[in-house]
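K.L.:
In our numbering, the protein residues as written are 1 to 222.
1) With a threshold of 7 Å on Cβ separation, who are the neighbours of residue 43 within its own chain once the five nearest residues in sequence on each side are excluded?
2) How long is the line joining the alpha carbons of residue 195 and residue 217, rounded to whole angstroms?
3) Quick check on residue 178: buried or exposed, where buried means 16 or more other Cβ atoms within 10 Å of its Cβ?
4) By Cβ distance, which residues of its chain are closer than 8 Å to residue 92, with the 5 residues on each side in sequence left out?
5) Should residue 222 go down as buried or exposed, given a rule of 16 or more other Cβ atoms within 10 Å for buried?
6) For the alpha helix (DSSP H) that contains residue 88, what are its first and last residues?
7) With a Cβ-Cβ cutoff of 8 Å, do residue 107 and residue 132 count as a contact?
8) Rounded to a whole number of angstroms, what is the C-alpha to C-alpha distance between residue 130 and residue 52?
9) Residue 41: beta carbon under 7 Å from a heavy atom of the ligand GDP?
10) What do you get for residue 152, buried or exposed, if any count of 16 or more other CB atoms within 10 angstroms of its CB means buried?
11) Return yes when the Cβ of residue 120 is within less than 8 Å of the Cβ of residue 212, no when it is not.
12) Within its chain, find whatever has a CB closer than 7 Å to the CB of residue 208; leave out the 5 residues flanking it on each side and keep chain order.
13) Go ahead and pull the three-state DSSP assignment for residue 192.
14) Check for me: the beta strand (DSSP E) holding residue 81 runs from which residue to which?
15) Going by the CB atoms, is the gap between residue 142 and residue 113 shorter than 8 Å?
16) Tell me whether residue 135 is buried or exposed, calling it buried when 16 or more other Cβ atoms sit within 10 Å of its Cβ.
Here it is, written out as structure tokens:
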């Protein structure tokens, strides 16, 4: 059971992946293509400048079904992954048995320091509040080699326009709906602005190198 005030986390994803994999459901080809574009971007923008794939080590925080990670492995990169529950990793290990999968907490990863050329998370940061997010980034920084990089692909950035819209929606709900449609609603996670991402990174000992904005098809906008 998930309380109304809970942010979706380990228990939800355990149930979700257990249900999804038991159905043997066919994944959307568009969704898979988008995930592979993430892998292509990580490779082109953050890994290729370091050298040949077989020399580079990548760590994924929150791998899910491992589409991005599988693509990177196929290109020759050494890939380790972390998940908060075991079911999604079973699917990944079935397809890529040599990928190392770890079940654990992103704030305390059981891996050696100074090991990876790239530590990244994609669609994961919303699970953590401000303090937790800094802890996750600090742990990612610990895992990096001296010239390594951390990347966060955020699907829930908060903008001024978005904040105004949410305030308007909240006001209308309070005035007109009296929370009638909020019963049983579970908050999905946390949002933060680009500036908050940068500030959290600095608190974790990182320096912001680049911020990019992509559309839903993962095409570069700015």
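C-beta: ideal position from N, C-alpha, C; glycine also.
P.N.:
A quick look at the data gives this:
1) Indexing the chain shown from 1 puts residue 43 at position 43. So the qualifying residues of the chain are 72, 75.
2) The residue you call residue 195 lines up with position 195 of the chain shown. The residue you call residue 217 lines up with position 217 of the chain shown. The alpha-carbon atoms of residue 195 and residue 217 are separated by roughly 24 Å.
3) Here the question's residue 178 lines up with position 178 in the chain shown. For residue 178, the predicted model reports a pLDDT of 42, less than 50, meaning its position is unreliable and no value from the coordinates is stated.
4) The residue labelled residue 92 in the question sits at position 92 within the chain shown. Taken in chain order, the residues that qualify are 63, 65, 66, 69, 70, 81, 99, 101.
5) As a first step, residue 222 is located in the chain shown; it is residue number 222 there, counting from the start. Residue 222 should be labelled exposed.
6) Reading the chain shown from its first residue, position 88 is the one you call residue 88. That run of the alpha helix (DSSP H) goes 87-95.
7) Here residue 107 refers to the residue found at position 107 of the chain shown. Here residue 132 refers to the residue found at position 132 of the chain shown. In this structure, residue 132 lies closer than 8 Å to residue 107 by Cβ.
8) Counted from its first residue, the chain shown places residue 130 at position 130. Counted from its first residue, the chain shown places residue 52 at position 52. Roughly 36 Å separates the two Cα atoms.
9) Ligands displayed in this structure: none; no statement on the ligand GDP is therefore possible.
10) Along the chain shown, one-based indexing puts residue 152 at 152. Flag for residue 152 reads buried.
11) Position 212 of the chain shown, counted from the first residue, corresponds to residue 212. Position 120 of the chain shown, counted from the first residue, corresponds to residue 120. Contact flag unset, no.
12) For the purposes of this step, residue 208 is identified with residue 208 of the chain shown, where counting begins at 1. If we look at residue 208 and ignore the five residues flanking it on each side, its Cβ neighbours are 198, 201.
13) For the purposes of this step, residue 192 is taken as the residue at position 192 of the chain shown. In the structure shown, residue 192 sits in a strand (DSSP, three-state: E or B).
14) As a working note, residue 81 is residue 81 in the chain shown. First-last of the beta strand (DSSP E) with residue 81: 78-83.
15) Your numbering for residue 113 matches position 113 in the chain shown. Your numbering for residue 142 matches position 142 in the chain shown. For residue 113 and residue 142, yes; Cβs fall inside 8 Å.
16) Position 135 of the chain shown, counted from the first residue, corresponds to residue 135. Buried, by the Cβ-count rule.
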